[in-house]
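Chemist: Structure below; questions to follow.
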Amino acid sequence: MPYQTVFVEFYEQVKLSINQGTFAKLTFAKTMGDTELKNIYVRLHILETGGYNFAFNTRYKSEEVESFHTVDEAFMILSSYIKNPFTSALLFTTEMDLTFKVNKKNAGSLIQQLPTFKHISLEMDEMIERGIIKI
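The sequence shown begins at 1 in UniProt numbering and counts up one residue at a time.
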């Protein structure tokens with residue numbers, strides 16, 4: 001299956017984990033070759049207005065950059081990094097770990113494993129407490 005279609009499924013699982021209150025973190029890793037960009041860590045960021053967006057911690061060889069993006073912007077930005085330079089992304093929830101991978105033939109796959117994290121992120125917990133996410 002083309003990796004773009006599989007990445008859409010993966011991102012839907014990211015949004016679902018937030019809506020279900022199980023999100024722990026999202027990580028982009030495994031680059032193609034030795035690149036300046038090393039990884040991207042995505043966490044939830046609570047807005048003063050009562051909503052949320054994503055905080056990206058983008059790590060390069062020589063620096064780290066933090067930026068904030070809406071859920072829709074995040075999809076566009078993250079999808080642009082697939083195969084440029086990342087070949088995998090990992091969604092950690094309290095119910096499962098979900099790995100998105102793309103191979104050399106541009107085929108995408110999803111691999112579900114037992115959860116690494118037993119607890120949701122602090123931001124996810126606060127969002128539930130404040131009623132931003134209703135589970």
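For each residue, glycine too, the CB sits at the ideal point set by N, CA and C.
Just so it is clear, the structure is predicted and the values come from calculations on it, not from any experiment.
How far does the alpha helix (DSSP H) with E12 in it extend, from its first residue to its last?
Modeler: Against the sequence shown, residue 12 aligns to sequence position 12. Where E12 is concerned, the enclosing alpha helix (DSSP H) stretches over 3-19.
Chemist: Using a 10 Å radius around the Cβ and a threshold of 16 neighbouring Cβ atoms, would you call residue 143 buried or exposed?
Modeler: For residue 143 there is no data in the structure shown, the boundaries of the chain being 1 and 135.
Chemist: Compare the C-alpha of N84 against each of L122, S109, I40 and name the closest.
Modeler: In the sequence shown, residue 84 corresponds to position 84, counting from 1. Ranking L122, S109, I40 by Cα distance to N84 puts I40 first.
Chemist: If we ignore side chains and look at the alpha-carbon of each, how far apart do P2 and T27 end up?
Modeler: As a first step, residue 2 is located in the sequence shown; it is residue number 2 there, counting from the start. As a first step, residue 27 is located in the sequence shown; it is residue number 27 there, counting from the start. Computed Cα separation, rounded: 21 Å.
Chemist: Counting pairs of Cβ atoms below 8 Å between the region 7-24 and the region 92-100, do you hit three or more?
Modeler: Judged by Cβ distances under 8 Å, the region 7-24 makes contact with the region 92-100, as three or more pairs qualify.
Chemist: Three Cβ pairs or more, each shorter than 8 Å: is that satisfied between the region 49-56 and the region 30-39?
Modeler: Too few Cβ pairs lie closer than 8 Å, so no.
Chemist: Pairing CB atoms from the region 4-17 with CB atoms from the region 99-109, are three or more of them under 8 Å?
Modeler: A contact exists between the region 4-17 and the region 99-109.
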